[in-house]
Amino acid sequence: MNRYPLWKYLIILVAIVAGLIYTIPNLYDPSPAVQVSGVRSGVKVDTATMDKVEQTLVAAGVKPEGIYLEGNSLKVRFKDTDSQFKARSAIETALGENYVVALNLLANTPSLLAKFGAHPMSLGLDLQGGVHFTLEIDMRAAIEKNSERVAGDVRRELKDKKIRGTVRRSGDTVEVQFRDADTLKDARKAVERILPVMQLQEQSADGGYKLVLTYSEQERLRIQSDAVKQNIATLHNRVNELGTTEPVIQQQGADRIVVQLPGVQDTARAKDIIGRTATLEVRMVESDPAKLAEAVAGNVPAGFELMEELDSRGNRPILVKKEVELTGENINGAQAGFDDQNQPAVHINLDSAGGRIFRQLTHDNIGQRMAMILVEKGKGQVVTAPTIRVELGDKFLISGAMSTTDANDTALLLRAGSLAAPMTVVEERTIGPSLGKENISKGFHSTLFGFSAIVLFMVIYYRVFGFTAAFALGVNLLFLIALLSILSATLTLPGIAAIALTLGMAIDSNVLINERIREEVRAGLPPQTAIREGYAHAWATILDSNITTLIAGISLLIFGSGAVRGFAVVHCLGIMTSMFSAVVVSRGLVNLIYGYRRKVSKLAV
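Take 1 as the starting number for the sequence shown in my numbering and just add one per residue.
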């Protein structure tokens with residue numbers, strides 16, 4: 001009567017084994033390690049770098065536990081933190097400033113479990129330690145950057161209307177110089193149409209006519225607010241796409257952003273991650289060889305910038321105009337791929353505004369060279385400078401002296417967007433792992449004591465059925481930790497609190513089942529029938545209570561942030577695992593104990 005078919009027992013067994021496989025890695029403490037990566041995507045970390053690091057460690061008298069390449073980074077594992085710090089100093093001196101040598105922690109997952117993709121959970125800043133930054137946005141630079149965009153819009157509009165005027169930016173104002181009053185009047189109408197939010201003022205002196213564009217106070221506040229939002233979104237995209245531990249990035253005050261990176265003990269590495277803010281600029285190239293020669297000689301003409309173009313023959317000087325025709329803000333997609341010669345390239349899609357600008361730019365400059373400049377950490381690098389052959393639209397590609405890895409990195413950075421304004425670090429602090437270990441210890445002991453108290457109560461009060469409930473509770477905890485590990489969720493102190501709460505809620509389902517079985521026994525039903533009816537009648541109540549609690553958890557997950565969201569994730573997963581363990585697993589164990597007996601005169605409940 002109370003027997004599961006073999007396939008149900010196999011499902012339970014497979015689930016428990018899988019839970020063990022993905023839970024066990026959390027029992028191994030991570031090893032201190034040093035991670036070596038390039039400052040820029042073009043700096044390679046390969047076997048030659050590994051050989052140099054090994055030689056450096058031998059010379060420094062430091063013995064690593066293991067060393068291996070992973071992607072474009074080198075990881076070196078050590079036995080203790082003293083060796084880790086000593087090795088970091090030696091490697092930094094040997095490799096120089098082109099490499100970032102960061103402290104790290106590597107999981108000690110056994111190789112057998114690693115083959116199944118089993119890895120420990122990620123721990124939050126309060127449990128693992130990490131770095132905390134407070135960044136201040138340069139609001140003046142944000143407005144000046146917007147003014148540069150306004151100047152470009154005015155320049156293109158006047159060109160479309162065939163109105164002659166000289167556009168120049170001065171700080172956060174844009175000035176347009178004209179020869180006569182009629183031209184000024186026509187220009188004002190054109191500018192008012194495309195830039196209704198700008199304040200326009202006409203000036204005339206010494207026979208010259210000028211139109212001055214300035215910002216209202218309301219427009220300044222809007223630009224500053226948008227700068228904060230864009231920088232937060234960009235930081236999220238960059239840190240997430242570069243594979244860093246789940247960050248906390250949020251606004252603080254009017255012009256500051258707080259960034260927390262759990263698990264990163266090295267501020268230099270964290271700064272490097274945050275500082276990767278590459279964007280694309282499209283500028284025209286000066287084709288006059290005399291001006292290029294003059295610039296190479298040290299006399300760079302006004303309005304131009306001397307840069308270097310990377311190609312297969314090495315670095316070559318190139319003279320580009322400072323005027324930016326198109327920026328990465330108009331990019332809505334970037335994917336790594338190959339060009340017609342099967343060379344690595346980045347395929348770029350522009351938004352409607354960017355496509356219109358690019359189409360007009362290429363239409364007006366056929367036969368001229370156009371430089372694609374990747375700007376990263378305030379430094380521009382000409383990736384390629386092709387000659388415009390035909391008019392182009394909202395899709396194009398950039399290629400040059402880049403590898404497949406370079407193309408992937410460039411596409412990644414362009415996809416994530418650009419900063420609206422530069423930022424400076426006004427506060428930085430490292431939260432040590434010792435505090436995290438203390439928090440883990442307290443959280444572990446509180447959960448253990450709560451679990452033990454529940455088990456003791458259930459066994460004393462419900463006897464055999466209390467034992468089955470305790471077993472199901474342990475399986476529920478196993479499933480929950482395994483799921484968090486599989487999903488690579490970040491566990492924080494609120495998450496530990498959610499685990500403790502889940503245990504209390506999970507046992508409630510077994511209390512309902514056991515009490516229902518007691519009622520059926522009191523009503524005079526045979527023991528086997530009482531078990532069947534007890535589980536059947538309790539199921540509807542268990543389902544209702546868990547669904548309502550799950551709705552509350554999902555609401556926290558959708559509308560919450562930070563610690564609340566972390567709590568909600570564990571809470572929702574715990575509800576789902578508890579429903580399976582409290583009903584299916586406990587029923588399976590009860591069936592094994594009572595279901596195969598021919599005569600059961602009494603239930604130990």
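Just so you know, even glycine gets a beta-carbon here, dropped at the ideal spot from N, CA and C.
Looking only at A421, T109, T47, the smallest Cα-Cα distance to E148 is reached by A421.
Between S581 and A472, the CB-CB gap stays under 8 Å.
Boundaries of the beta strand (DSSP E) harbouring H132: 130-137, taken from the DSSP string.
If you draw a 10 Å sphere on the C-beta of S485, you find 16 or more other C-beta atoms in it, and that means buried. Boundaries for V43: no alpha helix (DSSP H) harbours it, and the DSSP string shows neither H nor E there. In the structure shown, S216 falls within a coil segment according to DSSP collapsed to helix, strand and coil.
Judged by pairs of C-beta atoms under 8 Å, the stretch 252-262 touches the stretch 211-229, as three or more such pairs exist.
Residue environment: I499 is assigned as buried (16 or more neighbouring CB atoms within 10 Å of its CB, all protein chains considered).
DSSP places Q251 in no alpha helix (DSSP H) but in the uninterrupted beta strand (DSSP E) bounded by 248-252. If you check the CB distance, E202 and L213 do not come in under 8 Å. About 7 Å separates the beta carbons of L20 and L478, which is inside the 8 Å limit, making them a contact pair.
Pairing K44 with I91, the inter-Cα distance amounts to about 16 Å. A371 sits in a strand when the DSSP states are folded into three classes. Here L392 carries a coil assignment [DSSP, helix/strand/coil]. Uninterrupted alpha helix (DSSP H) stretches at least 4 residues long and entirely within the stretch 444-531 occur at 464-486, 493-522, given in chain order.
Taking a contact as a CB-CB distance under 8 Å, the pair F78 and P64 counts as one, their CB atoms being some 6 Å apart. Note that the C-beta distance between V174 and A190 is not below 8 Å. For R179, the three-state secondary structure derived from DSSP is coil.
Beta-bridge pairing by DSSP links T384 to M372. It is roughly 21 Å from the alpha-carbon of I137 to the alpha-carbon of T430. Remark: C-beta atoms of V259 and F133 approach each other more closely than 8 Å. Taking a 10 Å sphere around the C-beta of N98, we find fewer than 16 other C-beta atoms and assign the residue as exposed. Judged by pairs of C-beta atoms under 8 Å, the stretch 111-120 touches the stretch 23-37, as three or more such pairs exist. Under the DSSP assignment, Y99 falls in the beta strand (DSSP E) whose first and last residues are 99-106. Separation of the CB atoms of L392 and T362 is rounded to 4 Å, and the pair is thereby assigned contact status at 8 Å.
Counting only unbroken stretches of 4 or more residues, the alpha helix (DSSP H) elements lying wholly within the stretch 274-303 are 289-296, in sequence order.
Note on geometry: alpha-carbon atoms of A530 and S545 lie some 22 Å from one another.
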